[in-house]
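Asks: Input: one structure, supplied below.
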Amino acid sequence: MTTQSLTAATTCQNHFITHTLPFATGNRLREINTYESNGAGVAVNDLDGDGDLDLVFASIDREASILWNHGDLRFVTQPVDARFTRGVATVDVDGDGRLDIVFTHRGQETLSFWRNQGDSNNGNRFVRQPLSGVESFAYAMAWADLTGDGALDLVTGSYNTDLIQQGIANPESDVRAGVTLYVRQGDGYVATPLAPNAEALAIALLDLNGDGNRDIWVANDFDLPDRIWLQSGDGWQPALPFDQTSFSTMSIDWGDIANDGALALFTTDMNPYDTSVENLARWLPVIEKLEQRNER
Numbered sequence: 154m155t156t157q158s159l160t161a162a163t164t165c166q167n168h169f170i171t172h173t174l175p176f177a178t179g180n181r182l183r184e185i186n187t188y189e190s191n192g193a194g195v196a197v198n199d200l201d202g203d204g205d206l207d208l209v210f211a212s213i214d215r216e217a218s219i220l221w222n223h224g225d226l227r228f229v230t231q232p233v234d235a236r237f238t239r240g241v242a243t244v245d246v247d248g249d250g251r252l253d254i255v256f257t258h259r260g261q262e263t264l265s266f267w268r269n270q271g272d273s274n275n276g277n278r279f280v281r282q283p284l285s286g287v288e289s290f291a292y293a294m295a296w297a298d299l300t301g302d303g304a305l306d307l308v309t310g311s312y313n314t315d316l317i318q319q320g321i322a323n324p325e326s327d328v329r330a331g332v333t334l335y336v337r338q339g340d341g342y343v344a345t346p347l348a349p350n351a352e353a354l355a356i357a358l359l360d361l362n363g364d365g366n367r368d369i370w371v372a373n374d375f376d377l378p379d380r381i382w383l384q385s386g387d388g389w390q391p392a393l394p395f396d397q398t399s400f401s402t403m404s405i406d407w408g409d410i411a412n413d414g415a416l417a418l419f420t421t422d423m424n425p426y427d428t429s430v431e432n433l434a435r436w437l438p439v440i441e442k443l444e445q446r447n448e449r
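Counting from 154, one number per residue, gives the positions in the sequence shown under our numbering.
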């Protein structure tokens, strides 16, 4: 019998280690749009069932990308033929046991759904398919089973300020804008408009009042207040459960931080406007570069 001594465990260094990934978001040699600074999302999940977490990157102007994880932080990039993507989710939309990819888009576009068809002979695991009944402009989205029937429902929110820049003079009068609830019924979705105006940067579906039902929280940019709807036996009721919220809510997260069974809620905001001479002086080099670029 032979024995082999165990390798000593590596001491934790109490910090994260940076690994550069083969992906960069950006634009294609054109003028940068104002609201591209809102950025694009990333989703992390095991898309092919090999036990390694893969990455999906949205990209405002370039193609979106899947970074397939081959182990030991080795990634192979696969472009996805989707442009102007902002948010991304990896969820089993059709309930077949495989994780699909869904993107939100800036401008006058709704969601794009990429169905996971498993191992394919042509090597293309994901194929774009329509989501029947989903037609709203979607800048932000969230998925959850809101009705308790085992199927995923969807909430979308538009970014009306960007729609105005894209040529829709009055988004509030367009039925595709605002906040929309989509309930899964059969092979499609039934839409319920909740609000005509939105500057949605994030949407959270969580139980806010402790009744066991998920509620809807839409985080709005600018001076449009966040919107909340509580789920009840009479449908969705608008509510104002908080004394105050972030002024321009950028994102939402939640968790039982105190381990007491109650959710703690977190929102992020942008820095307050600062028109002091010192702050404007720091921005001057950036403004000058933008002016030079626009003059070309």
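For every residue, glycine included, the Cβ atom is placed at its ideal position computed from N, Cα and C. Since the structure is predicted, the reported quantities are computational estimates derived from the model, not experimental observations.
Which class does Asp-452 belong to by DSSP, given the choice of helix, strand or coil?
Replies: Since the first residue shown for the chain is 154 and the last is 449, residue 452 is missing from the structure and cannot be characterised.
Asks: Name the residue from Leu-226, Thr-230, Gly-224 and Asp-207 whose alpha carbon lies nearest to the alpha carbon of Ser-218.
Replies: Among Leu-226, Thr-230, Gly-224 and Asp-207, the Cα nearest to that of Ser-218 belongs to Thr-230.
Asks: Tell me Gly-228's beta-bridge partners as DSSP assigns them.
Replies: As written in the sequence, residue 228 is Phe, which differs from the Gly given in the question. Looking at the DSSP assignment, Phe-228 forms a beta bridge with Asn-222.
Asks: With 8 Å set as the bound, which would you pick, yes or no: does the beta-carbon of Asp-302 sit closer than that to a beta-carbon of chain D?
Replies: Of the protein chains in this structure there is only one, and it is not chain D.
Asks: Please state whether the Cβ-Cβ distance between Phe-228 and Pro-283 is less than 8 Å.
Replies: Not in contact: Phe-228 and Pro-283 (Cβ atoms no closer than 8 Å).
Asks: CB Thr-402 to CB Asn-373, shorter than 8 Å?
Replies: It is a contact, given that the beta carbons lie within the stated cut-off.
Asks: What number of angstroms, rounded off, separates the C-alpha of Ser-311 from the C-alpha of Ala-351?
Replies: Going from the Cα of Ser-311 to the Cα of Ala-351 covers about 6 Å.
Asks: Which ranges would you report for the beta strand (DSSP E) in the segment 404–446 if only whole runs of at least 3 residues count?
Replies: Within the segment 404–446, the complete beta strand (DSSP E) runs of at least 3 residues are 417–422.
Asks: What are the start and end residues of each continuous alpha helix (DSSP H) run of 4 or more residues lying completely inside the segment 280–318, in chain order?
Replies: Counting whole runs of 4 or more residues, the segment 280–318 contains the alpha helix (DSSP H) stretches 313–318.
Asks: Looking only at its own chain, which residues have a Cβ that is under 8 Å from the Cβ of Trp-389, when we skip the five neighbours before and after it?
Replies: Leu-334, Thr-345, Leu-347, Ile-369, Trp-382 and Leu-383, listed in sequence order.
Asks: Can you tell me where the beta strand (DSSP E) holding His-457 begins and where it ends?
Replies: In the structure as shown, the chain starts at 154 and stops at 449, and residue 457 therefore has no counterpart that could be examined.
Asks: Give every residue of the same chain whose Cβ lies closer than 6 Å to the Cβ of Arg-236, excluding the five residues on either side of it in the sequence, and list them in chain order.
Replies: Excluding positions up to five away in sequence, the list is empty.
Asks: Looking at the structure shown, is Ser-401 part of a helix, part of a strand, or coil, going by DSSP?
Replies: Coil at Ser-401, not helix or strand.
Asks: Distance check for Asn-269 and Thr-156, CA to CA, integer angstroms please.
Replies: The predicted position of Thr-156 is uncertain, since its pLDDT is 46 and thus under 50; a value taken from the coordinates is nonetheless stated next. C-alpha separation (whole angstroms): 46 Å.
Asks: Tell me whether Asp-474 is buried or exposed, calling it buried when 16 or more other Cβ atoms sit within 10 Å of its Cβ.
Replies: Lying outside 154 to 449, the shown extent of the chain, residue 474 is not represented and no answer is given.
Asks: DSSP three-state call for Pro-324: helix, strand or coil?
Replies: DSSP places Pro-324 in helix when its eight states are reduced to three.
Asks: Ser-385 by DSSP, collapsed to three states: which one?
Replies: It is a strand residue.
Asks: Below 8 Å on the Cβ atoms is my guess for Tyr-292 versus Thr-238; work out the distance and round it to an integer in Å.
Replies: About 11 Å separates the two Cβ atoms, so there is no contact after all.
Asks: Could you check if Tyr-426 is buried or exposed, using at least 16 other CB atoms within 10 Å of its CB as the buried criterion?
Replies: With fewer than 16 other Cβ atoms within 10 Å, it is exposed.
Asks: Quick one: what does DSSP say Thr-263 is sitting in, helix, strand or coil?
Replies: Coil.
Asks: Quick check on the DSSP output: the beta strand (DSSP E) that includes Gln-338 runs from which residue to which?
Replies: From DSSP, the beta strand (DSSP E) with Gln-338 extends over 332–338.
Asks: Since Ala-353 and Val-371 are thought to touch, with beta carbons under 8 Å apart, how far apart are those beta carbons, to the nearest angstrom?
Replies: At roughly 5 Å, the Cβ-Cβ gap stays under 8 Å, so Ala-353 and Val-371 are in contact.
Asks: Helix, strand or coil for Asn-167? Go by DSSP, reduced to three states.
Replies: Note: Asn-167 maps to coil in three-state DSSP.
Asks: Measuring CA to CA, which of Val-255, Pro-349 and Trp-407 is closest to Asp-360?
Replies: Minimum Cα distance to Asp-360 is reached at Trp-407.
Asks: When the Cα atoms are used, what is the spatial distance from Leu-307 to Val-233?
Replies: Near 23 Å, if we compare the C-alpha coordinates of Val-233 and Leu-307.
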